[in-house]
Structures are given as C-alpha cells and as structure tokens.
Amino acid sequence: MAENNNKNLLEVKDLEVSFFTYAGEVKAVRGISYELKPGEVMGIVGESGSGKSVSSYALMGIIPEPGKVIGGNIIFDGKDITNLKEKERLKMRGKDIGMIFQDPMTSLNPVFTVGNQINESLKKHTDLNKEQRKARIIELFRLVGINQPEKRINQYPHEFSGGMRQRVMIAMALACNPKLLIADEPTTALDVTIQSQIIELLKDLKSKINMGIIFITHDLGVIADICDKVAVMYAGNIIETGSIDEIFYEPKHPYTWGLLKSMPKLNAEEHERLIPIEGNPVDLINPPKGCAFAPRCKHCMKICLEKKPPAYNISEGHDILCWLPIKDEYEREVKNNGKSE
Amino acid sequence: MGKYIVKRVGAALFTIFIAATITFFIMNLVPGDPFMSDKAPSEEVKKALEVKYGLDKPLIVQYKNYMVNLLKGDFGVSYKLQKNRQIVDIIKESFPTSAKLGAYAILFAVTFGIPLGCIAALKRNKWVDNVIRVLSTLGISIPGFVVATTTMIIFTVNLKWLPTSGLNGPSSYILPVFTLGFYPMCYIARLMRSSMLESLSQDYIRTAKAKGMSNFIITFKHALRNSLIPVITYLGPMIAGVLTGGFVVEQVFNIPGLGRYFVKALNGRDYMVIMGTTIFLATLIILMNLVCDLLYKIVDPRIKLGEE
Amino acid sequence: MKLQKNTLLSLQMKLSPEDFEPATKSEQEDLNKLTANTSYWKDAWRRLKQNKIAMISLIVIILFILFAFVGPTFSPYTYDQQVRGDENMRPCLKHLFGTDQLGRDLLVRVMVGSRISLIIGVGSALIVLVIGSLYGSIAGLLGGMTDNIMMRIVEIIYSVPDILVIILLQIVIKDPLQKAFDSGALFGGLQKLGPGIVAIFIVYGLLYWVGMARIVRGQVLQLKQMEYINAATALGANNKRLILKHLLPNCIGTLIITTMLQIPSAIFTEAFLSFLGLGVSAPMASLGSLASEALNGVQSYPYRLLFPALAISIIILAFNLFGDGLRDALDPKMKK
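Protein chains in written order, with my numbering: chain A, 30 to 370; chain B, 8 to 315; chain C, 82 to 417.
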C-alpha cells in the first residue's frame with residue numbers, strides 16, 4: 030500500500046437516483062457508497078435492474094431522461110461533482126473520466142470514420158495540433174492492439190469486427206489519459222474468446238497506465254479475472270463490498286451466496302441442475318420497506334421484512350447490508366450481558 | 008462501384024421502356040378514334056388521316072414505330088389541341104415553367120421542413136413540438152387543391168395582396184410555390200422529427216455525451232447526419248409528387264406549364280399528347296429516382312457500393 | 082446508516098429477540114407479488130385510450146360516418162334534385178350550405194360526396210389488404226424462385242409512377258365501363274357510383290397492393306422462422322392452412338395499421354382525380370368534384386368551395402391522426 034496513494038480517486042456517498050416516469054418514481058439507486066483509489070480496479074456486479082449501470086451514469090452526469098440524482102454526493106479527485114454545472118461536466122467527461130459501453134456495434138457513429146470520432150475528443154480536450162492528434166490516435170491504436178493503424182484510422186465502424194470495435198472504443202476512452210475508466214459491461218456482447226482478449230488488454234493497460242477502473246458486469250467470472258475489489262448490487266443497493274478474495278472465498282450475504290452458487294461450473298456433472306435464485310426481481314416503484322432481497326432469501330427473518338438493514342462492517346474493506354451478522358452480534362451481546370449479571 | 012452504377016442505370020432504362028410500352032398499349036386500348044371532335048369528319052377524310060399518321064398499320068408496327076421515334080426524340084404530333092404541332096415542341100415550351108415552379112417548391116420544402124422537424128424533435132413534447140406536429144399532420148392531410156384554392160381565395164380574391172394568375176414577377180411566385188411545396192414541407196418535417204428522435208436515442212449519442220461533446224455538436228454533427236438519410240430516400244417520391252401536384256397548382260393559378268397542358272389533353276382526349284407527356288414525365292421521375300438512389304448510397308457509408 | 086464498530090449494538094438501535102426469528106413462508110410470499118401480465122391487445126387498447134388525439138379522431142370519424150350515411154335521410158332534398166328558384170343561394174335556414182347554380186342543395190351534396198369518399202377510402206384499403214396479403218404471404222411462404230419472380234414483378238410495378246398510370250387507366254377504363262353500365266350488364270349499385278369511381282377501385286386494385294405485399298411478405302418471412310410453423314408442418318398441415326390459420330393472425334397488428342393508413346391516402350387520390358375531372362360523373366358528387374365545380378364561381382360564392390374542402394380535410398386528418406395513434410399503441414417498441 031503506497032502511502033501517497035491514500036487519497037481516494039473517487040468517493041461515492043449515499044448516492045440516490047430515481048426515474049420520474051408516467052408510472053411513478055422508479056428508485057433505481059437507493060443509497061450506495063463506495064471508494065476507489067487511483068489505479069484500483071473495482072467491479073460492480075448485479076443483475077439487470079440492480080442499478081449498476083445507472084450509478085455509473087450518475088458519475089458522468091449522463092443519466093438519461095427522466096432520471097435524476099436525488100441524493101448523496103460524488104467526490105472525484107477531491108472535488109464534489111454532484112451538482113456540477115453542465116459546462117464543467119463537459120470538460121470532465123472524456124478527459125478525466127472515460128467510459129466504454131456494452132455494445133460496440135451501436136456505440137460508434139456509423140457515418141463517421143473511427144479516426145474522426147477519436148479526433149473529436151482530442152480536439153475538444155487537448156491542445157494538440159492536427160499532426161500531433163493523428164500521431165496520438167495511431168499510438169492509441171497500437172496500444173490497444175489494432176494492426177495497421179495508419180490505414181484503419183480512415184475506416185468506418187462497420188469495417189471492424191466486434192472485438193476490434195471494442196478496442197476502438199477503449200482507445201477512444203483513453204485518448205485524453207483519463208484518471209478513471211468506467212467500463213459498462215464491455216464484454217457482454219462479445220464472444221467468449223474475444224471477451225478474454227479484451228480482458229487481457231484491460232489488464233495490460235492497467236499495469237501500464239495508473240488509471241482507476243470501474244468494471245460493471247453481471248458475470249462473476251470476468252470479475253475474478255481483473256478486479257481488485259467487488260461491490261455486489263441488488264435492487265439499487267450495494268449489499269456487499271469486499272476484496273476479490275473476500276467476496277469469492279468468504280462471502281457473507283445470502284444474495285452473494287446465491288450468485289456464486291448459480292454460476293455454471295465447467296466441471297459439473299452431466300445432470301447437475303443449475304441453481305437459480307428463486308423468486309422475482311423487485312418492483313422499484315414500490316420497493317419494500319425492509320431488505321429488498323428478503324422475499325427471496327432463504328434466511329429471511331422477521332426483522333428483514335420490517336426494516337432495511339444498516340451497513341455492517343465485517344472487516345477492513347468488507348461491508349455488507351444484512352441482518353444476519355447483526356443477529357449474531359446481538360446474540361453475543363445478550364449472552365455477554367447475561368454472563369456479567 | 009462502377010459496376011453497380013451501370014446496373015442501376017440499366018434497370019432504370021428498362022423501367023422507362025416498360026413504362027413507355029405500358030402507356031402505349033393502354034392508350035391504344037381506348038375504343039373510338041382519336042379524331043373525334045365536334046365536327047365528325049367524313050369517312051374519306053378519316054381514312055386519309057389514318058394513313059397520314061400511320062394508324063392503318065397493325066398495332067405492333069405502330070408500337071415499333073412509336074418506340075423508334077421516341078428514341079429520336081419525336082413524340083409525335085397533337086391531333087386535337089394544337090393540330091399537327093410537334094409534341095416535343097409543346098413540351099419544350101411549357102416544361103421549363105413547370106420545372107422552375109417545381110424547383111422552387113422543393114427548395115421551399117427542404118429549407119423549412121428540415122429545421123422545423125429538428126426543432127420539433129429537440130423540444131419534444133413541449134408546446135413548440137405539439138404545434139409543429141399538428142400543423143404538419145394537417146399539412147399532409149389537406150389535399151393540394153384545397154390548399155391551392157383556399158390560399159387563392161384568401162390572398163388574392165379577398166385580401167388582394169397577390170396576383171391571381173400567371174407567373175410574372177416575384178410576387179406571383181409566392182402562392183404557387185407555397186402551395187406546391189406545402190405538402191412536401193410538412194412531410195419532411197414529420198420525417199425529420201421521427202428520424203431525429205430515432206437518432207438521438209441511439210447508443211452512439213450516449214458515447215458522444217460520454218466524450219464530453221456539447222449538445223450542439225451532438226445534435227448537429229452526430230444526430231443530424233444520420234437523420235438526413237431517410238429524408239434523402241424521400242427525395243425521389245417527393246419529386247414525383249411535386250410534378251403531379253403541379254397539375255393542380257397550374258390549373259388553379261393559371262400557370263402555362265406542362266401540367267396545365269396535360270390536364271387539358273386529358274379532358275379533351277388528345278391521346279398523342281397524353282401519351283407523350285406521360286412518357287416524358289415518367290422518364291423524368293424514373294431518372295430522378297435513380298439519382299436519389301445513387302445519392303443515398305454515397306451518403307450512407309454502411310451501404311457497400313457494388314452490392315445490391 | 083452505518084454501524085459504528087466497537088460500540089454496542091444495543092446502544093445504537095432498539096432490538097429484541099423476536100426480530101431475529103425466521104420469517105414464515107406466507108410473510109415472504111406476500112411481498113413476492115408478480116406484476117400483472119396484460120395481454121398484447123389489452124395493453125394496446127389501454128395505450129390507445131390514453132392518447133387523447135387518437136380518441137378525438139375516432140369520434141370525429143364516427144360522426145363523419147353518421148353525417149355521410151345517415152345525414153341524407155334527414156334532408157328533404159336529394160343530391161341531384163334541382164330546386165327551381167333556389168339557385169345560387171347563400172347558406173340559410175332552407176339550405177344550410179347554400180345551393181349551386183343548378184339549385185341543388187349543397188348540404189346534401191356534401192353528405193353524399195362524403196359518402197363516396199368514405200366508400201372509396203375503405204373499399205380501396207380493403208382491396209389493397211386482400212390482394213396484398215395473399216400475394217405477399219404466398220411469395221413469402223413459397224420462397225425460392227417463385228418468391229424471386231413475384232418480387233421482381235412487385236419492383237417493376239413499384240417503380241412505375243403511380244399517379245400517371247392511374248390517370249391513364251382511368252381514362253381507358255371509364256369509357257368501356259360506361260358502355261357496360263349503359264347496357265345494363267352490371268349491378269345497379271355500382272352503376273349509381275358511376276364508372277369513374279369503379280375505375281378508381283379497379284386501378285387501386287391493380288397498383289397499390291404492392292406496398293402491402295412487401296410488408297406482409299416481410300412479416301411472413303419473420304414468422305417462418307418460428308417454432309410452431311415447424312410443428313404445424315410436422316402435423317401434416319398443408320400450405321393453405323398454414324397461411325390462413327397461423328401466419329396471418331400474427332401480423333394482424335401491422336396489417337391493421339397499414340390498412341388504416343391506406344384509407345386517407347385513397348380518399349386523397351380520389352379527390353385529386355375528381356378535381357382534375359377524372360372521378361365521378363355528374364350529377365353524382367364527390368368532395369373533389371364539388372371543389373372543382375366550386376372553382377368557377379369562387380369569387381362570388383366562396384362557401385361552395387369551403388364546405389367540401391373542409392369536409393375532406395377533416396376526414397383525412399382524422400384518419401391520419403387515428404392511424405398514427407394506432408401505430409403508437411400497437412408498436413411494442415414505443416419510446417416514452
């Protein structure tokens with residue numbers, strides 16, 4: 030742990046995001062908090078609808094209509110950017126924070142060359158002149174592993190394969206040397222083999238550039254490959270945070286257990302069934318007053334249905350949102366009190 | 008790419024050929040003779056006329072002669088409206104007026120339609136959008152002759168602001184151009200609006216936002232270019248519509264163009280003129296469609312030239 | 082709320098042992114409510130009802146239909162009745178829309194004209210629907226060379242400028258039809274409409290089905306991929322049953338919208354043709370021909386133009402708006 034890296038790159042405190050639709054207020058993110066150090070890779074895992082993507086849109090300030098941040102703070106590089114004016118945000122996006130998205134097919138504008146699209150970013154955020162920009166783009170292409178960069182700069186997105194397009198996206202996101210890269214399900218739409226290539230690329234970049242990465246996915250396997258720490262989201266809350274080892278080897282939340290158990294195993298027996306998590310996803314317009322996972326939890330207690338659990342700290346960096354450990358601690362306290370009397 | 012162009016041109020020429028053939032045979036299906044007028048000519052005179060115009064020969068021969076003449080640019084002569092006048096001369100004389108009117112109308116439609124559609128899309132569901140939407144739907148619902156006649160009544164008869172007929176001087180252009188261009192303008196506005204909304208909801212807009220691009224750049228660089236593509240595909244049908252809409256406008260405003268002449272021929276049953284004008288207009292439309300098709304392929308890089 | 086370490090729980094919150102008892106299954110299930118699953122049609126109807134503009138248009142259409150079909154029964158005049166002494170009257174109590182130069186009551190003529198427009202609109206749309214669907218589904222189902230040829234034909238028809246062909250065919254068909262009517266060979270009802278209108282029907286049937294055919298073929302091709310077609314074939318159904326029972330019901334949504342939007346287009350075309358003099362024959366009136374007739378005396382009698390113009394604009398607008406609303410309601414990819 031380097032001492033001079035103690036200052037957090039990113040701090041999110043009690044962030045809340047809601048969508049005000051004609052059907053009602055959809056509470057997509059209901060109070061999440063986490064920290065990220067420079068150079069750290071954090072994974073955010075969850076099912077669709079857990080709020081993982083929305084929370085990262087909030088960081089960039091690009092939550093689509095009709096969504097809004099309705100509570101909490103976001104502190105980036107020491108500065109509170111929660112209520113930043115749009116003009117300031119424009120300077121930050123693409124320059125200090127870069128983002129890559131899920132579907133490289135549709136995320137690139139089909140009528141402009143890839144070179145043009147990266148050039149746009151450089152033009153806005155840097156002082157480089159035309160030749161310098163071109164050189165930079167070629168350098169970026171080499172960095173992400175695109176062959177014949179001089180030729181490919183002038184090609185259109187449809188002339189690249191899926192994996193190549195994602196590399197272009199990564200190059201574009203890195204163009205201005207951002208301090209933070211947000212990767213929103215970057216490999217979900219790709220073949221498994223391509224997927225691993227992209228992951229390797231990101232790992233490679235991670236070692237070369239000291240950049241924080243937030244990696245959003247629903248795939249635990251990918252998380253294990255690249256992340257330093259993990260946050261598990263469910264129904265708009267982070268129900269467990271911890272290091273890679275803690276989450277995979279010492280998970281404490283029933284939902285995390287469910288996730289791990291439901292992963293298909295490569296060496297499974299032929300007729301071994303997949304173990305899904307029973308029940309249905311939460312209605313975010315009328316979320317339950319207690320723990321959101323309670324209706325599907327095998328360890329559900331009466332209090333789980335009544336009150337939302339507070340954040341419980343298991344060890345340094347390992348937090349969970351659950352009544353179970355509190356039950357244990359409570360019972361311990363009662364026993365101690367009983368003994369002392 | 009060259010191979011593709013050749014293929015498309017070939018297809019267009021083939022279509023023109025088919026159109027001419029269909030027109031010829033349809034016109035010759037009409038019973039009765041082409042010389043019918045108030046004074047019924049005597050049998051001898053009729054026979055002489057038939058020989059003169061080659062109408063005594065079998066239909067297939069007439070067809071062949073007609074097609075060959077067409078290639079030479081000879082559309083035959085008018086039998087009724089202007090006895091013996093070369094149709095190609097009639098076309099040469101009256102078409103430029105129609106063309107001018109049509110060109111201005113298209114310019115008008117594009118100049119106003121595209122911005123209106125953009126504005127409606129950008130201010131979605133606000134009052135500006137609602138007004139534009141209702142008015143443009145109104146615009147494509149009201150038949151051309153209604154617009155023509157109503158504006159004529161209001162502006163020339165009642166208010167006496169503008170001249171009633173003819174095309175002399177700039178003020179006399181205003182109403183005809185507006186009337187002719189009104190429908191396409193509304194259509195383009197609607198098309199532009201839905202096209203912009205579609206583009207603005209695409210993923211690449213999200214990417215552009217994530218790069219820190221301003222709203223201005225996002226709208227006018229990223230979204231607009233993509234949105235124009237469907238509008239370009241509309242150009243072909245629009246030109247056809249303007250040409251045929253011209254018939255009505257020229258009638259109402261008494262403009263001496265090809266359209267007005269055509270309507271006269273229709274009502275007067277001057278078959279040669281009808282045939283010649285139809286083939287001329289059809290050829291024009293088909294060629295314009297071809298140009299727009301090629302244009303479209305150029306604007307959208309996803310379409311590979313050399314492929315259908 | 083984050084718990085403080087090293088501080089007793091009991092000091093931070095109020096807890097009791099009952100809180101930690103396991104919850105019962107029923108308590109859990111209460112919260113496991115499924116959101117109601119409505120059917121596609123119910124959902125679409127609900128969306129349509131919410132669309133105020135579409136609902137207003139629907140009401141307008143219904144009123145218009147009543148006006149056109151029921152209206153004339155309330156009028157003391159018929160559309161071709163020339164009332165001597167009542168020529169060229171302005172709108173008044175006796176003739177609500179005024180009269181034309183032959184003393185015919187314009188209100189009833191506009192009503193009858195509206196009737197014609199509606200008949201043409203709906204009739205043409207139906208013709209297009211039937212021919213287009215059959216052609217398109219056959220092409221899509223059979224595939225291969227047949228499909229290829231059928232679609233080439235469609236392309237050729239598509240690329241020939243339709244208005245011109247319509248005008249030509251109009252002229253050609255009208256006279257023989259007139260002769261056929263005069264000789265009493267065809268049904269009385271059609272005869273009243275006049276050869277112009279029947280000609281329009283025929284022409285529409287010959288030309289405008291191609292758009293529908295393309296759309297239906299596209300749908301059929303999509304549906305062909307689906308599982309139950311394989312199942313039906315396995316059970317021994319022949320192609321004809323496939324078309325009628327399985328494929329077409331599934332494209333109903335698209336068909337409804339396309340057909341609905343054909344109606345204003347057909348009314349538009351008829352008005353255009355009638356205005357040029359190619360539609361109905363006197364004394365029958367269509368809204369287009371009424372407008373055309375009105376042009377002559379328009380400076381002195383502007384109301385003669387106003388009423389048919391208004392009528393036709395309203396009906397086309399109403400159909401367009403309703404069709405738009407229908408499309409929004411039936412299209413599952415609706416963006417809100």
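C-beta atoms are modelled at their ideal positions from N, C-alpha and C, and glycine is treated no differently.
Exercise. Which of helix, strand or coil does DSSP assign to TYR278 (chain A)?
Worked result: For the purposes of this step, residue 278 (chain A) is taken as residue 249 along the first sequence, with counting starting at 1. Helix at TYR278 (chain A).
For this session: In the DSSP assignment, find the alpha helix (DSSP H) that holds PHE155 (chain C) and state where it starts and stops.
Result: In the third sequence, the residue the question calls residue 155 (chain C) occupies position 74. Looking at the DSSP string, the run of the alpha helix (DSSP H) that includes PHE155 (chain C) is 152-155.
For this session: Determine whether the Cβ of LEU371 (chain C) lies closer than 9 Å to any Cβ atom of chain B.
Result: Taking the first residue of the third sequence as position 1, residue 371 (chain C) is located at position 290. Chain B contact via Cβ: absent.
For this session: Assign PHE32 (chain B) to buried or exposed, taking buried as 16 or more other Cβ atoms, counted over all protein chains shown, within 10 Å of its Cβ.
Result: The sequence position of residue 32 (chain B) within the second sequence is 25, counting from 1. Classification for PHE32 (chain B): exposed.
For this session: Would you verify that the beta carbon of VAL140 (chain A) is, or is not, closer than 9 Å to some beta carbon of chain B?
Result: In the first sequence, residue 140 (chain A) corresponds to position 111, counting from 1. It does; some Cβ of chain B falls within 9 Å.
Exercise. Would you call ILE242 (chain A) buried or exposed, if buried means 16 or more other Cβ atoms sit within 10 Å of its Cβ?
Worked result: One-based indexing of the first sequence puts residue 242 (chain A) at position 213. When all chains shown are included, ILE242 (chain A) counts as buried.
For this session: Check whether the segment 276-289 of chain A touches the segment 313-332 of chain A, counting contact only when three or more Cβ pairs, one atom from each stretch, lie closer than 8 Å.
Result: yes
For this session: Determine the direct distance from the alpha carbon of GLU205 (chain B) to that of ILE344 (chain C), and round the result to whole angstroms.
Result: Walking along the third sequence from the start, residue 344 (chain C) turns up at place 263. Walking along the second sequence from the start, residue 205 (chain B) turns up at place 198. Between ILE344 (chain C) and GLU205 (chain B), the C-alpha separation is close to 27 Å.
Exercise. Between the segment 102-114 of chain B and the segment 178-196 of chain B, do at least 3 Cβ pairs fall closer than 8 Å?
Worked result: yes
Problem set entry | C-alpha distance - LYS307 (chain A) paired with LEU249 (chain A), whole-angstrom precision | Counting from one through the first sequence, the residue named residue 307 (chain A) turns up at place 278. Counting from one through the first sequence, the residue named residue 249 (chain A) turns up at place 220. The sequence shown places Glu at residue 307 (chain A), not Lys. Each residue's Cα considered, the two are about 19 Å apart.
Exercise. Rounded to a whole number of angstroms, what is the C-alpha to C-alpha distance between ARG486 (chain C) and GLY292 (chain C)?
Worked result: Absent from the model: residue 486 (chain C). The displayed extent of chain C is 82 to 417, so no value can be given.
Problem set entry | Under 8 Å by beta carbon: chain A residues contacting ALA104 (chain C) | In the third sequence, counting from the first residue as 1, residue 104 (chain C) sits at position 23. Chain A residues near ALA104 (chain C): ALA323, CYS329, MET330, LYS331, CYS333, LEU334.
For this session: Please classify PRO122 (chain B): is it buried, with 16 or more other beta-carbons within 10 angstroms of its beta-carbon, or exposed?
Result: Stepping through the second sequence from its first residue, residue 122 (chain B) is reached at position 115. PRO122 (chain B) comes out exposed.
For this session: Would you check if the distance between the CB atom of ARG56 (chain C) and the CB atom of PHE155 (chain C) is smaller than 9 Å?
Result: Within the shown structure, residues of chain C are numbered from 82 to 417, placing residue 56 (chain C) beyond reach of any answer.
For this session: Check the C-beta distance from LEU169 (chain A) over to LEU203 (chain A) and give it rounded, since I have them as a contact under 8 Å.
Result: In the first sequence, the residue the question calls residue 169 (chain A) occupies position 140. In the first sequence, the residue the question calls residue 203 (chain A) occupies position 174. That pair is a contact at about 6 Å.
Exercise. With a cut-off of 9 Å, does the C-beta of ASP167 (chain C) fall near any C-beta of chain A?
Worked result: Taking the third sequence and counting its residues from 1, the one referred to as residue 167 (chain C) is at position 86. For ASP167 (chain C), the answer is no, since every Cβ of chain A falls outside 9 Å of its Cβ.
Exercise. Shorter than 9 Å from the beta carbon of TRP352 (chain A) to some beta carbon of chain C?
Worked result: In the first sequence, counting from the first residue as 1, residue 352 (chain A) sits at position 323. TRP352 (chain A) counts as touching chain C.
Exercise. Under the rule that 16 or more other beta-carbon atoms within 10 Å means buried, what is TRP134 (chain B), buried or exposed?
Worked result: Here residue 134 (chain B) corresponds to residue number 127 of the second sequence, with the count starting at 1. Answer is exposed; the Cβ neighbour count stays below 16.
Exercise. Thinking just about the alpha-carbon of each residue, which of C:SER381, C:PHE388, C:TYR216, C:SER355 is nearest to the one in ILE247 (chain C)?
Worked result: As a working mapping, residue 247 (chain C) is identified with position 166 in the third sequence. Comparing Cα-Cα distances from ILE247 (chain C) to each of C:SER381, C:PHE388, C:TYR216, C:SER355, the minimum goes to C:SER355.
Problem set entry | Reduced DSSP category for ASN342 (chain A) - H, G, I as helix; E, B as strand; rest coil | As a working mapping, residue 342 (chain A) is identified with position 313 in the first sequence. Three-state DSSP puts ASN342 (chain A) in a strand.
For this session: Identify the contact partners of SER179 (chain B) in chain C, using a Cβ-Cβ distance below 8 Å as the criterion.
Result: Taking the first residue of the second sequence as position 1, residue 179 (chain B) is located at position 172. Per Cβ cutoff of 8 Å: no residues; SER179 (chain B) is ~18 Å from chain C at best.
Problem set entry | Close beta carbons around VAL70 (chain A), own chain, < 7 Å, minus the five adjacent residues each side | In the first sequence, counting from the first residue as 1, residue 70 (chain A) sits at position 41. Excluding positions up to five away in sequence, the list reads LYS235, ILE242, PHE244, ILE255, CYS256, ASP257.
For this session: Assign TYR268 (chain B) to one of two classes, buried (16 or more other C-beta atoms within 10 Å of its C-beta) or exposed (fewer than that).
Result: Here residue 268 (chain B) corresponds to residue number 261 of the second sequence, with the count starting at 1. So TYR268 (chain B) counts as buried.
Problem set entry | Option nearest ARG118 (chain A) by Cα separation, candidates A:PRO305, A:ILE199, A:LEU88 | For the purposes of this step, residue 118 (chain A) is taken as residue 89 along the first sequence, with counting starting at 1. Nearest C-alpha to ARG118 (chain A): A:LEU88.
Problem set entry | Entirely enclosed alpha helix (DSSP H) segments - the segment 64-128 of chain A, minimum 4 residues | 81-89, 115-121
Exercise. So is PRO413 (chain C) in contact with chain B if we call contact Cβ pairs under 9 Å?
Worked result: Position 332 of the third sequence, counting from 1, holds the residue named residue 413 (chain C). Low local confidence applies: a pLDDT of 49 at PRO413 (chain C) is under 50, so the model's placement there is unreliable, with the coordinate-based value given in what follows. Chain B contact via Cβ: absent.
Problem set entry | LEU39 (chain A) - containing beta strand (DSSP E), residue span | Position 10 of the first sequence, counted from the start, is the residue given in the question as residue 39 (chain A). 39-50 is the span of the beta strand (DSSP E), which, as asked, contains LEU39 (chain A).
Exercise. Given that VAL270 (chain B) touches chain C, what residues does it touch there, using C-beta distances under 9 Å?
Worked result: In the second sequence, counting from the first residue as 1, residue 270 (chain B) sits at position 263. Residues of chain C passing the Cβ test: LEU357, GLY358.
Problem set entry | Local conformation of VAL403 (chain C) per DSSP, three classes | Looking up residue 403 (chain C) in the third sequence gives position 322. Going by the sequence as given, residue 403 (chain C) is Phe instead of Val. Helix.
Exercise. If we cut at 9 Å on Cβ distances, does PRO112 (chain B) have a partner in chain C?
Worked result: Position 105 of the second sequence holds residue 112 (chain B). A small fix is needed here, since residue 112 (chain B) is Ala in this sequence, not Pro. No - not a single Cβ of chain C is within 9 Å of the one on ALA112 (chain B).
Exercise. Checking contacts by CB at 9 Å: is PHE152 (chain B) closer than that to chain C?
Worked result: For the purposes of this step, residue 152 (chain B) is taken as residue 145 along the second sequence, with counting starting at 1. Cβ-Cβ to chain C under 9 Å: yes for PHE152 (chain B).
Problem set entry | Beta carbon proximity, TYR51 (chain A) to chain B, threshold 9 Å | Translated into the one-based positions of the first sequence, residue 51 (chain A) becomes position 22. So no, TYR51 (chain A) is outside the interface.
Problem set entry | Span of the beta strand (DSSP E) around MET34 (chain B) | On the second sequence, residue 34 (chain B) is found 27 positions in, with the first residue counted as 1. From DSSP, MET34 (chain B) is part of no beta strand (DSSP E) but of the alpha helix (DSSP H) over 9-36.
For this session: Taking SER136 (chain A) as the reference, give the member of B:ALA217, B:SER143, B:PHE223 with the closest Cα.
Result: As a first step, residue 136 (chain A) is located in the first sequence; it is residue number 107 there, counting from the start. The candidate whose alpha carbon is nearest that of SER136 (chain A) is B:ALA217.
Exercise. Listing by chain order, which chain A residues have their CB less than 7 Å from the CB of ASP409 (chain C)?
Worked result: For this step, residue 409 (chain C) is matched to residue 328 along the third sequence. The contacting residues do not exist; ASP409 (chain C) stays about 14 Å from chain A at best.
Problem set entry | Terminal residues of the beta strand (DSSP E) in which HIS347 (chain A) lies | Taking the first sequence and counting its residues from 1, the one referred to as residue 347 (chain A) is at position 318. Counting along the chain, the beta strand (DSSP E) containing HIS347 (chain A) begins and ends at 347-350.
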